[in-house]
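Engineer: Got a structure for you, questions after.
In my numbering, the protein residues as written are 901 to 1096.
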């Protein structure tokens, strides 16, 4: 992962804040949670995103996963970054995974190109996580039925997200990478893809 250097003051501040806020949180595989937001920020950095968008990438899970409010983000980082984070945050008042994710895709689509770019980086990072999780289970066939169903739901969401992103950001390197990696995932995990 590239080191975020000088010239990205908002990103530097966001990293420090996110590291403190996500401290002690772990992902499902036991790794520190902060690795995902840092990967999203790295993907945005590599795609040439501006400082405020990379900073939003670092903090994109703070509302959903760390209990930070949009008002707190606005107070610390301004409305531009706060709006981007809100745009890619699930509405936990919506019941059911499919309905919640459909609402999220509509929300992101209305929020503009920078939110779509952030969403693409997040989906690319999450797809890579799904790949690692599934690979640990020998193509997912040894996973329990509930785990396979959860992965199939995630895969459906990523496919629908890709359709949105290809329509709205067809020239984006992040969208291209998501498409290539999603196609490779489906080819290598046919049993999971059939469940979609």
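For each residue, glycine too, the CB sits at the ideal point set by N, CA and C.
1) Tell me whether residue 1039 is buried or exposed, calling it buried when 16 or more other Cβ atoms sit within 10 Å of its Cβ.
2) Leaving aside the five residues before and after residue 1050 along the sequence, list all residues of the same chain whose C-beta is less than 7 Å from its C-beta, in chain order.
3) Which residues in the same chain as residue 1031 place their Cβ atom closer than 6 Å to its Cβ, once the five residues preceding and following it in sequence are excluded?
4) By how many angstroms is the C-alpha of residue 1063 removed from the C-alpha of residue 1078?
5) When DSSP labels each residue in this structure, what does residue 1088 get in the three-state scheme?
6) Verify whether the separation of the beta carbon atoms of residue 1016 and residue 1056 is less than 8 Å.
7) Pick helix, strand or coil for residue 932, following the three-state DSSP scheme.
8) Spell out the partners DSSP gives residue 926 in its beta bridges.
9) Hey, is the segment 931-951 in contact with the segment 1018-1028, meaning 3+ C-beta pairs nearer than 8 Å?
10) Check residue 1072 in the structure and name its three-state DSSP category.
Structural biologist: On the basis of the supplied data:
1) Taking the chain shown and counting its residues from 1, one reaches residue 1039 at position 139. The pLDDT assigned to residue 1039 is 48, lower than 50, so where the model puts this residue is not dependable; a value taken from the coordinates is nonetheless given after this. That one is exposed.
2) To locate residue 1050, count along the chain shown from 1; it is residue 150. The beta carbon of residue 1050 lies closer than 7 Å to none in the same chain, with the five residues before and after it left out.
3) For the purposes of this step, residue 1031 is taken as the residue at position 131 of the chain shown. Annotation for residue 1031: 1085 place their beta carbon closer than 6 Å to its own, counting only its chain and skipping 5 residues before and after.
4) Counted from its first residue, the chain shown places residue 1078 at position 178. Counted from its first residue, the chain shown places residue 1063 at position 163. If I take the Cα positions, the gap works out to 11 Å.
5) As a first step, residue 1088 is located in the chain shown; it is residue number 188 there, counting from the start. In this structure, residue 1088 counts as helix in the three-state DSSP scheme.
6) In the chain shown, residue 1016 corresponds to position 116, counting from 1. In the chain shown, residue 1056 corresponds to position 156, counting from 1. No.
7) As a first step, residue 932 must be located in the chain shown, where it is residue number 32. In this structure, residue 932 counts as strand in the three-state DSSP scheme.
8) Along the chain shown, one-based indexing puts residue 926 at 26. Under DSSP, residue 926 takes part in a beta bridge, and its partners are 932.
9) At 8 Å Cβ cutoff, the stretches touch.
10) Looking up residue 1072 in the chain shown gives position 172. Coil, per DSSP.
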